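Colleague: FYI, in the UniProt record's numbering the residues of the sequence shown are 1 to 265. Below is a structure I'd like to ask you about.
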Amino acid sequence: MTTDSPVLLLAPRVNETGLQLRTAAGLRGLRAHTAASWQAPRELLGARVHVYGGPLFGDAVGRELGLALLEPSADWLARLPRASTGRRVSATTLAEARGLRGPAFVKPPADKLFAARVYPDGGALPGPELLDGDTPVLVSEVVRFHAEYRLFVLDGAVRAGSRYAVDGELSVAPLGRDDREVAVFARDVLAASASAAPLPSAVVVDVGRTDDGWAVVEANAAWASGGYAAEPGDVLDVVLRSSGPAGQLGAADRPFCRELPDVVR
1 MTTDSPVLLL
11 APRVNETGLQ
21 LRTAAGLRGL
31 RAHTAASWQA
41 PRELLGARVH
51 VYGGPLFGDA
61 VGRELGLALL
71 EPSADWLARL
81 PRASTGRRVS
91 ATTLAEARGL
101 RGPAFVKPPA
111 DKLFAARVYP
121 DGGALPGPEL
131 LDGDTPVLVS
141 EVVRFHAEYR
151 LFVLDGAVRA
161 GSRYAVDGEL
171 SVAPLGRDDR
181 EVAVFARDVL
191 AASASAAPLP
201 SAVVVDVGRT
211 DDGWAVVEAN
221 AAWASGGYAA
231 EPGDVLDVVL
241 RSSGPAGQLG
251 AADRPFCREL
261 PDVVR
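In structure tokens:
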């Protein structure tokens, strides 16, 4: 293979989105390669690689393959205006969150270091024997999302989307009757984000409908997010931009590169 041939590298345990992306890549003449293990395939060293898989897989192969893996800032949700979030959200540390005296929704901003859910108080969070106190977390008021939607965003515009939950239960469907409302709210959120809380050029933003209207759920790395019922070819466009060679990275995306570890074999 020549170094000019782009390759989509999939994690060893390929999920449904990975299968869809593999097919979409083949339809446009791109090679898709499923990793045999959690190591960078020797035959891909020096190639133009894009990756799709979870954070652990990205960390395992990213530095060796020379990748720039884009992800939103850890405090992105907390920096959005209340009109976008529909609730109070703060970016803090696990040590501070352990002092909570009432219920709150607490989650790690990116990696799944512990379960993202409503905790009755700070004492129910993982203790210092499990996670360091300086671990970043997002703490938000408890709200009920009646329906939730995943939006794949490229260059500040929604490229693809899907419903993925209803009343907290998995419920996958195309945007359907809510697509106009989702599009209008997403446009407002992305406009507010451009000035108050910038995003990388390729990212996933989840939004949902609450008792009080529309609100942002969270933002995540496109290269590690499920596509649900979104159009695979459009999802692929966002994934490719979000996880390509570091040498092709635009200046505006440099602040959003995931810090990749050195992996010792």
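Ideal Cβ positions, reconstructed from N, Cα and C, are used throughout, including at glycine. Given the structure is predicted, the values throughout are model-derived calculations rather than measurements.
Could you name the residues of the same chain whose beta carbon sits closer than 7 angstroms to that of A246, not counting the 5 residues immediately before and after it, in chain order?
Modeller: Correct list, in chain order: G66, L67 and A68.
Colleague: First and last residue of the alpha helix (DSSP H) that includes D234?
Modeller: Looking at the DSSP string, the run of the alpha helix (DSSP H) that includes D234 is P232 to S242.
Colleague: Out of V153, F185 and L27, which one is the CA nearest neighbour of G208?
Modeller: That would be F185, whose Cα lies nearest to the Cα of G208.
Colleague: Quickly, what does DSSP pair D206 with across the bridge? List them, please.
Modeller: Paired residue(s): R150 and E218.
Colleague: Figure out for me which residue from F57, L154 and A91 has the closest Cα to the Cα of L190.
Modeller: Checked all of F57, L154 and A91; the closest Cα to L190 is L154.
Colleague: Identify the residues that DSSP records as bridge partners of V118: which are they?
Modeller: DSSP, once it has assigned bridges, lists F105 as partnering V118.
Colleague: Considering A183, what are the terminal residues of the alpha helix (DSSP H) in which it resides?
Modeller: Note, A183: alpha helix (DSSP H), D179 to A196.
Colleague: Could one say the Cβ of A11 lies closer than 7 angstroms to chain E's Cβ atoms, at least one of them?
Modeller: Of the protein chains in this structure there is only one, and it is not chain E.
Colleague: Using beta-carbon positions only, say whether A192 and V203 come within less than 7 angstroms of one another.
Modeller: Cβ atoms of A192 and V203: not closer than 7 angstroms.
Colleague: Using CA atoms only, rank isn't needed, just tell me which of L27, S37 and L45 is closest to V14.
Modeller: Closest by alpha carbon: S37.
Colleague: Is the segment 110-129 touching the segment 158-166, taking contact as three or more C-beta pairs under 8 angstroms?
Modeller: As far as the Cβ criterion goes, the segment 110-129 does not touch the segment 158-166, which means the pair count is below three.
Colleague: How should H50 be labelled, buried or exposed, when 16 other C-beta atoms within 10 angstroms of its C-beta is the threshold for buried?
Modeller: With 16 or more other Cβ atoms within 10 Å, it is buried.
Colleague: Return the residue from the list A221, Q20 and A215 that minimises the CA-CA distance to P55.
Modeller: Closest option to P55, Cα to Cα, is A221.
Colleague: Using C-beta distances below 7 angstroms, list every residue in its chain close to T2, excluding the 5 sequence neighbours before and after it, in chain order.
Modeller: Model confidence at T2 stands at a pLDDT of 45, short of 50, so the residue's coordinates are unreliable; what they give is reported in the following sentence. No residues qualify anywhere along the chain.
Colleague: Which same chain residues end up closer than 6 angstroms to S225 when comparing Cβ atoms and leaving out the 5 residues on each side of it in sequence?
Modeller: Cβ neighbours of S225 beyond the five flanking positions: V204.
Colleague: First and last residue of the beta strand (DSSP E) that includes A78?
Modeller: Looking at the DSSP string, A78 is not in any beta strand (DSSP E); the run it does join, the alpha helix (DSSP H), is W76 to R79.
Colleague: Between the Cα of E231 and the Cα atoms of E16, L170, V89 and A60, which residue gives the shortest distance?
Modeller: When only C-alpha atoms are compared, the closest one is E16.
Colleague: Could you give the DSSP three-state label for R135: helix, strand or coil?
Modeller: Reading off the sequence, residue 135 comes out as Thr, not Arg. The answer is coil: DSSP assigns T135 none of H, G, I, E or B.
Colleague: Quick check: the Cα distance between E71 and C257, rounded to an integer number of angstroms?
Modeller: Roughly 6 angstroms between the two C-alpha positions.
Colleague: Can P261 and D134 be called in contact, C-beta distance under 7 angstroms?
Modeller: No. Outside cutoff.
Colleague: List the residues that DSSP assigns as beta-bridge partners of Y52.
Modeller: L10.
Colleague: Applying the 10 Å Cβ sphere with the 16-neighbour rule, what's the burial state of E129?
Modeller: Under this definition E129 is an exposed residue.
Colleague: If you follow the beta strand (DSSP E) that S73 is part of, which residue opens it and which one closes it?
Modeller: Looking at the DSSP string, S73 is not in any beta strand (DSSP E), and its letter there is neither H nor E.
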